[in-house]
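Counting from 1, position 63 in the sequence shown corresponds to residue 63 in the UniProt record's numbering; the numbering is continuous, with no gaps.
All remarks here apply to the structure that follows.
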Amino acid sequence: MRYDAFLQDVRDRLQPGERDMAETAVAATLAALGVALSKEGRTDLAPQLPKELKAYFSAGLENGLDTAELFLARVAQTMNLDTTAVEPMVNAVMAALRDAVSEGALRNALATLPPDYNRILGLESQGPARGAMP
1 MRYDAFLQDV RDRLQPGERD MAETAVAATL AALGVALSKE GRTDLAPQLP KELKAYFSAG
61 LENGLDTAEL FLARVAQTMN LDTTAVEPMV NAVMAALRDA VSEGALRNAL ATLPPDYNRI
121 LGLESQGPAR GAMP
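As structure tokens, this is what we get:
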């Protein structure tokens, strides 16, 4: 997928008043995701992304953002908005990401995130991010 197609996919998922913030939402969400994911998770996703998005998953990042609330707070701070305003934008970026990469790579990448990430990453209907069976 090309960067412009990814960005358009995000725009199409946003409300009309949010569409002009799509590029900022992509940058803020993927930068926070790059920090939240393990090195292995970043390695699973990066090869499948356009070169403009690979930088958010660079090897030098440290794993952090242990909760979904910290993740949303990071995105909100970057975008200069409150967490309630950024959540639908995060959902749009993550939906576009799900369409851009293979299901296996995405599941592997997100497997190390705590279960509270499921809601903000749009995984509630797909079961736990960890893939654990009851």
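For every residue, glycine included, the Cβ atom is placed at its ideal position computed from N, Cα and C.
If you count every other CB in all the chains shown that lies within 10 Å of the CB of residue i, and 16 or more means buried, which is it?
{"i": "Thr29", "result": "buried"}
{"i": "Asn118", "result": "buried"}
{"i": "Ala5", "result": "exposed"}
{"i": "Ala55", "result": "exposed"}
{"i": "Leu121", "result": "buried"}
{"i": "Gly64", "result": "exposed"}
State the Cα-Cα distance for the pair residue i and residue j, rounded to the nearest angstrom.
{"i": "Asn80", "j": "Glu103", "result": "31 Å"}
{"i": "Val90", "j": "Val26", "result": "8 Å"}
{"i": "Thr43", "j": "Gln15", "result": "32 Å"}
{"i": "Arg74", "j": "Ala32", "result": "6 Å"}
{"i": "Arg2", "j": "Ala85", "result": "27 Å"}
{"i": "Asp20", "j": "Gln8", "result": "11 Å"}
{"i": "Ala111", "j": "Gly17", "result": "33 Å"}
{"i": "Ala36", "j": "Leu70", "result": "9 Å"}
{"i": "Asp66", "j": "Asp99", "result": "25 Å"}
{"i": "Asp116", "j": "Ser58", "result": "24 Å"}
{"i": "Pro88", "j": "Arg11", "result": "12 Å"}
Between which two residues does the alpha helix (DSSP H) holding residue i run?
{"i": "Val10", "result": "3 to 13"}
Is residue i helix, strand or coil by DSSP?
{"i": "Val101", "result": "coil"}
{"i": "Asp116", "result": "coil"}
{"i": "Ala109", "result": "helix"}
{"i": "Gly122", "result": "coil"}
Complete runs of the alpha helix (DSSP H) confined to the stretch 19 to 91 [at least 4 residues]:
22 to 36, 39 to 45, 51 to 54, 68 to 79
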